[in-house]
Structures are given as C-alpha cells and as structure tokens.
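Participant:
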Amino acid sequence: MDIKGRICESGASEVVGEMLMIGLAIILISVFASVMGNFLPSAHDPVVTVMLTGDSRNVTFWHKGGDWVKTEELTVIIGNDSVRRSFTMRDAGFFQLPDKQVFDLGSNITVMTGSLFYGDETATLVTPRASLFSGKVRP
2 MDIKGRICES GASEVVGEML MIGLAIILIS VFASVMGNFL PSAHDPVVTV
52 MLTGDSRNVT FWHKGGDWVK TEELTVIIGN DSVRRSFTMR DAGFFQLPDK
102 QVFDLGSNIT VMTGSLFYGD ETATLVTPRA SLFSGKVRP
C-alpha cells in the first residue's frame with residue numbers, strides 16, 4: 002500500500018519475473034548437464050604389451066608398453082590342463098620391481114611358484130575386466 006491507501010503491485014511483478022528466470026535457468030542447466038554426461042569417455046580395458054620370461058620354478062612378466070594397471074588388480078594364473086594356481090600381490094611369491102602401486106613401463110612382476118614347470122603350463126596375467134597376456138612357460 003502506498004500513502005494514499007492504494008495497493009501498489011509493481012514490485013510483485015518483478016519478483017515473479019525473477020523467479021521465472023531462475024526456474025528457466027535451473028531447467029536449462031540440468032538439461033545441459035544431462036546431455037554433456039553422454040559425451041564423457043567410457044572406461045576402457047587396459048592394453049599392455051607384456052614379455053614373459055621364466056625358469057624351472059619362476060615366471061616374470063615384463064611391462065614393455067601400453068597402459069598402466071594398478072598392481073592390486075592383477076592376478077597371475079599359472080597352470081595346465083590338470084592343475085591351476087592363482088597369485089596376487091597379497092601372496093608371498095608375488096614380487097614387483099620397482100616396488101610401487103602400479104604395473105607400468107619398465108616394471109616387472111616375478112611369481113615364485115615353488116613347483117617345477119614341465120613345459121605344458123600357461124601363464125596368464127589378468128585384471129577383473131580383461132586378460133592382459135597369456136603365454137606358454139618355457140623352462
């Protein structure tokens with residue numbers, strides 16, 4: 002109300018207009034964010050070039066190029082048609098040089114199996130999402 006007792010509604014229309022503009026901005030921002038989410042790159046399986054060496058009781062995986070992988074995600078599976086054993090970084094016979102949290106260029110992982118290889122064993126390096134390498138163990 003103004004001084005003469007009349008109702009003054011000029012301020013109300015400005016507030017309503019601002020509220021409509023804020024609502025429109027929120028809707029546009031949410032639409033933009035949902036559309037941009039589709040353009041993010043998806044997670045891909047790591048690609049690693051690995052070389053395998055071994056002797057009569059140990060195998061060593063050498064990282065020769067490609068993506069790095071967290072060591073805690075790696076599992077080494079060694080076996081043949083009748084026997085299969087798995088090794089992770091928590092096992093006593095699993096060693097990585099240099100000792101760090103990732104398997105990357107220049108790193109190697111040695112697994113000391115404690116049993117003899119006869120030449121028919123396969124060594125496989127895997128993550129939960131992909132098989133990185135598989136090869137025959139040559140004693």
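Heads up: the sequence shown is residues 2 to 140, going by my numbering. The beta carbon of each residue, even a glycine, is placed where N, CA and C say it ideally should be. Fair warning: this is a prediction, and the values are worked out from it, not measured in the lab.
In the DSSP assignment, find the unbroken beta strand (DSSP E) run with Lys101 in it and report its ends.
Facilitator: For the purposes of this step, residue 101 is taken as the residue at position 100 of the sequence shown. No beta strand (DSSP E) contains Lys101, which DSSP labels as neither H nor E.
Participant: Go ahead and label Gly55 buried or exposed: buried means 16 or more other beta carbons lie within 10 angstroms of its beta carbon, across all protein chains shown.
Facilitator: Working through the sequence shown from its first residue, we reach residue 55 at position 54. Classification for Gly55: buried.
Participant: Using C-beta distances below 6 Å, list every residue in its chain close to Val127, excluding the 5 sequence neighbours before and after it, in chain order.
Facilitator: Numbered from 1 along the sequence shown, position 126 holds the residue referred to as residue 127. Same-chain partners within the cutoff: Thr76.
Participant: If I measure Cβ to Cβ from Asn109 and keep anything under 8 Å in the same chain, skipping five residues before and after, which residues do I get?
Facilitator: By 1-based counting over the sequence shown, the position of residue 109 is 108. So the list reads Thr61, Phe62, Trp63, His64, Gln97 and Leu98, once near-sequence residues are dropped.
Participant: Between the beta-carbon of Thr123 and the beta-carbon of Arg86, is there less than 8 Å?
Facilitator: Translated into the one-based positions of the sequence shown, residue 123 becomes position 122. Translated into the one-based positions of the sequence shown, residue 86 becomes position 85. Cβ distance not < 8 Å, so Thr123 and Arg86 don't count as in contact.
Participant: Just to confirm, is the Cβ distance from Val70 to Phe104 under 8 Å?
Facilitator: On the sequence shown, position 69 is the one that residue 70 refers to. On the sequence shown, position 103 is the one that residue 104 refers to. Against a cut-off of 8 Å, the Cβ pair of Phe104 and Val70 comes out as a contact.
Participant: Indicate the three-state DSSP secondary structure (helix, strand or coil) for Gly107 in the structure shown.
Facilitator: By one-based count along the sequence shown, residue 107 stands at place 106. The answer is coil: DSSP assigns Gly107 none of H, G, I, E or B.
Participant: Shorter than 8 Å from the beta carbon of Glu74 to some beta carbon of chain B?
Facilitator: No chain B is present in this structure, which holds just one protein chain.
Participant: Please state whether DSSP places Leu117 in a helix, a strand or coil.
Facilitator: By 1-based counting over the sequence shown, the position of residue 117 is 116. It is coil, neither helix nor strand.
Participant: From Ser31 to Asn39, what does the alpha carbon distance come to, in whole angstroms?
Facilitator: Taking the sequence shown and counting its residues from 1, one reaches residue 31 at position 30. Taking the sequence shown and counting its residues from 1, one reaches residue 39 at position 38. Whole-angstrom Cα-Cα distance: 13 Å.
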